[in-house]
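J.: Have a look at this one before I ask anything.
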Amino acid sequence: MEELHGKRGRAGVSIARWTVRITFLALFVALAFKAAYPPIATPPSNLMLRLDPLSGIYSLMTARSASAAAYFWPAWVLLGLTMLSSRFFCGWICPLGTCFDVVDAAKPRKLRYYEPKGREMKGLLASEKAGLVRRHVRLKYLILAGVFGLGLAGVNLLYFASPLVVMNRSVYYVLLPQIPFLLLALLLLALAYRPRFWCESLCPMGALMSLVSMVSKRLPALISPVSVVKDTGACIDCEACYKSCDFEVVEPFLKRDNGKLRSADCTACGDCVAACPSTGALELQSFRLPVYASTGRAGPRARSTTSLGIEPQGADGVSSVESIVHANPDPGLRDPAREGGDHAQECFLSPRAAGRLTVDRREFIGSLSLGAVLLAGYGVGLRQVSGPVLRMPGAQDQSKFLAACSRCEECVRTCPAGCIKPMGLEDGLGKLWTPRFYPRTAGCIFDQCDQACARVCPMKAIERQQTREVRIGLAHVNRQSCLGYRGRPCLVCKERCRFNAIDANGLRPVVVAHKCTGCGACEQTCPTKPASIRVFELGQSARWPSGGSVGERRRGQGQT
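Reminder that position 187 of the sequence shown reads as 1488 in our numbering, one-by-one numbering, no gaps.
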């Protein structure tokens, strides 16, 4: 009966967690789908994006207003719950993490990630007892520092730093349909290596969650919404908990005192509890109330303590750690007092050095390489190889817009005219995936859609404007190719202009500058190829493929 109860308990936890994750993933996809015009208001189509604390902090850095802080209230609620419990978002809610777990579930057994053997687990126990376990700074914390540092300098890296932004953009590309290359690369990494390697070692949002959850480690389990608690008296040191953890959290295995786990990387997913073969050794709790406890049946990944050469704690009070270090030392374990050289120092540190945070060579080189790639990409972007770039109404300040835009593609998805498209690498990483207005594809109908792009933008990178205030750009006529200037009747641009910004001088169209909003209806409908009337950025002279240019015009005067 106990064995049957264990099976049902593990299945119940697994089913519950999968149900929660799939529900949030389905909600995320549904909201991304419903961002199409007209975007739904209840719940807001950008609700899941506003759950992102990284985006909220970026919005505060760029907007510096109380309204920006209030708009991201879901993110502050999430941070508050994380501060009281753990990094539970990554284990229960994150849609990108759910995709990683789906890939792991479908992964062939031959591709399963390497699991530590008994000797290595003995080494962990022995080094923990001797105070030789090294505390090092994971690469994700260095990336997080770089993301915030560049954010203060006006460089927005949320397009890869935020898993919610990555997923939202990927959903958009799948619906097109196109290939979401970044998501595909991350899924291949999960398939070929560890499923949660991105979350564990690289994700800046995960690093932020880990830092915030450190506050909860000093709080009792009584006020924690979700926590994992260990009873060391019931622990048999079988290493099943460590092997089952996708984040490689070693604390359930090494913890020598009773109470809740205090690792900053613990997501309270409950995998270690489900894998534990000892009754009551691990328990998932909510406000000190038991949700699920480990049972007394060994799972398929658990081993007996004899596989480690470890005896459970006996009546004499001698722990298994002491039996390793004193009674039965393993000749395979390294002794830093006897072994010299750099390799030994990489594996063990002195007790004094073990308390300090360190960065190993691999992580340092990795962070420098990532910084070099980003710097090179932004250097290419400064060349402006693609010419002038038009933005949506309310996004004409390029530097301010680039600093605020997270490249989530919400505006692209909601645009009813289809005139907004994400940019590629033609202007480098600095403008990669930023929304661009293409008037030749379609004219902007901001006056008819109530500026839908600004309404759905979670970062408020696109400001709401009154129709009379909108100035996307200014239309210019190419006199060399325009049919009217060549003596042929046309004036289609004048007919299509909703703002009466084009007059006629005989057969020749003349743009009235103070009326032109830059909506692009004239460029869209121009019958010549390429268009003989185009919208250019405000303050710029029009330059045409032939090399000729139209002179600058004073405000309020027409082009002749």
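No residue lacks a Cβ here, since even glycine has one placed at the ideal position from N, Cα and C.
The structure presented is a predicted model; accordingly, all values stated were derived computationally and were not measured.
According to DSSP, is residue 1586 helix, strand or coil?
T.: Strand, per DSSP.
J.: Residue 1807 to residue 1745, Cα distance in whole Å?
T.: 28 angstroms
J.: Within the same chain, show all residues whose beta-carbon is closer than 7 angstroms to that of residue 1587, passing over the 5 residues directly before and after it, in chain order.
T.: 1526 and 1527
J.: If distances are taken between C-alpha atoms only, which option among 1759, 1492, 1505 and 1557 comes closest to residue 1406?
T.: 1492
J.: With DSSP collapsed to three states, give me the class of residue 1572.
T.: helix
J.: Considering Cα atoms alone, identify which of 1552, 1548 and 1547 is closest to residue 1531.
T.: 1552
J.: Near residue 1829, which residues of its chain fall below 8 angstroms by C-beta distance, leaving aside the five closest residues on each side in sequence?
T.: 1782, 1783 and 1784
J.: If we ignore side chains and look at the alpha-carbon of each, how far apart do residue 1358 and residue 1447 end up?
T.: 14 angstroms
J.: Work out the CA separation of residue 1769 and residue 1780 for me, nearest whole Å.
T.: 28 angstroms
J.: Which complete alpha helix (DSSP H) runs does the segment 1463 to 1525 hold, if anything under 4 residues is left out?
T.: Correct list: 1464 to 1476, 1482 to 1493 and 1505 to 1514.
J.: Which residues does DSSP list as the beta-bridge partners of residue 1773?
T.: Looking at the DSSP assignment, residue 1773 forms no beta bridge with any residue, so it has no partner.
J.: Tell me, to the nearest whole angstrom, how far the beta carbon of residue 1464 is from that of residue 1510; I am working on the premise that it is less than 8 angstroms.
T.: Actually they are not in contact, since the Cβ atoms of residue 1464 and residue 1510 sit about 11 angstroms apart, beyond 8 angstroms.
J.: Using alpha carbons as the reference points, say which of 1472, 1837 and 1713 lies closest to residue 1757.
T.: 1713
J.: Exposed or buried, which one is residue 1383 when buried takes at least 16 other CB atoms within 10 Å?
T.: buried
J.: Can we say the segment 1727 to 1735 touches the segment 1320 to 1337, given the rule of at least three CB pairs closer than 8 angstroms?
T.: no
J.: First and last residue of the beta strand (DSSP E) that includes residue 1812?
T.: 1809 to 1812
J.: Do you know offhand how far residue 1705's Cα is from residue 1457's?
T.: 7 angstroms
J.: Quick check: the Cα distance between residue 1370 and residue 1489, rounded to an integer number of angstroms?
T.: 36 angstroms
J.: What separation, rounded to the nearest whole angstrom, lies between the Cα atoms of residue 1518 and residue 1716?
T.: 45 angstroms
J.: Answer yes or no: do residue 1442 and residue 1508 have a C-beta to C-beta separation smaller than 8 angstroms?
T.: yes
J.: What do you reckon, are the CB atoms on residue 1350 and residue 1796 nearer than 8 angstroms?
T.: No; because the gap between Cβ atoms is not below 8 angstroms, this pair is not in contact.
J.: Which word fits residue 1372, buried or exposed, when buried means at least 16 other C-beta atoms lie within 10 angstroms of its C-beta?
T.: buried
J.: Return the CA-CA distance between residue 1559 and residue 1327, expressed in angstroms with no decimal places.
T.: Their Cα atoms are separated by approximately 38 angstroms.
J.: Reducing DSSP to helix, strand and coil, say where residue 1842 ends up.
T.: coil
J.: First and last residue of the alpha helix (DSSP H) that includes residue 1544?
T.: Annotation: the continuous alpha helix (DSSP H) that includes residue 1544 extends over 1541 to 1545.
J.: Rank 1818, 1389, 1348 and 1397 by C-alpha distance to the C-alpha of residue 1921 and give the top, closest one.
T.: This structure does not reach residue 1921, given that the chain is present from 1302 up to 1861, and the question cannot be answered.
J.: Find the nearest neighbour of residue 1470 within the set 1813, 1329 and 1694, judged by alpha-carbon distance.
T.: 1329
J.: Straight-line CA distance for residue 1823 to residue 1811?
T.: 12 angstroms
J.: With respect to the alpha helix (DSSP H) encompassing residue 1793, which residues constitute its N-terminal and C-terminal limits?
T.: Per DSSP, the unbroken alpha helix (DSSP H) holding residue 1793 starts and ends at 1793 to 1797.
J.: Quick one: Cα of residue 1516 to Cα of residue 1385, how far?
T.: 7 angstroms
J.: As a quick exercise: from 1501, 1764, 1462 and 1567, pick the residue whose alpha carbon is nearest that of residue 1698.
T.: 1764
J.: Identify which residue in 1759, 1767 and 1355 has its Cα closest to the Cα of residue 1752.
T.: 1767
J.: Using the Cα positions of residue 1833 and residue 1474, report the straight-line distance between them to the nearest angstrom.
T.: Distance between the alpha carbons of residue 1833 and residue 1474: 32 angstroms.
J.: With distances taken from CA atoms, which of 1596, 1524 and 1840 is nearest residue 1589?
T.: 1524
J.: Could you have a look at residue 1381 and say whether DSSP puts it in helix, strand or coil?
T.: Three-state result, residue 1381: helix.
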